[in-house]
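Quick note on my numbering: the sequence shown kicks off at 5 and runs consecutively.
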Amino acid sequence: MDKDKSRHFETYKLLGENIRARRQNMKISQEELAFRVSSARNYIGCIERAEKIPSITIILDIAGALGCTIIDLFTKN
Numbered sequence: 005m006d007k008d009k010s011r012h013f014e015t016y017k018l019l020g021e022n023i024r025a026r027r028q029n030m031k032i033s034q035e036e037l038a039f040r041v042s043s044a045r046n047y048i049g050c051i052e053r054a055e056k057i058p059s060i061t062i063i064l065d066i067a068g069a070l071g072c073t074i075i076d077l078f079t080k081n
């Protein structure tokens, strides 16, 4: 794990958990979310598991596809 990722791991973990929860509440698969944001299913899985650091662009796209804001994705529920 690189230094930047380890320093912010809890933030990325929260982001991934919130994406997964919202996606599951909408009853859509990782594959469907990936299609909606023009990405790959395995990349969505990596984001949900905090294995990859997504760009701000992909976070904005995911928020739009999930019908929420970026702030929602970074807020503890």
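Glycine included, every Cβ here is placed at the ideal spot set by N, Cα and C.
Please say whether Ile48 and Leu19 have beta carbons closer to each other than 9 Å? Not closer than 9 Å, so no.
Could you pull the start and end residues of the alpha helix (DSSP H) that Arg53 belongs to? First-last for Arg53: undefined, no H or E at that position.
In the DSSP assignment, the alpha helix (DSSP H) including Gln67 goes from what residue to what residue? As written in the sequence, residue 67 is Ala, which differs from the Gln given in the question. Residues 60–70.
Over what stretch of residues does the alpha helix (DSSP H) that includes Ala44 continue unbroken? Per DSSP, Ala44 belongs to no alpha helix (DSSP H) and is neither H nor E.
With DSSP run on the structure shown, which of helix, strand or coil describes Phe78? It is coil, neither helix nor strand.
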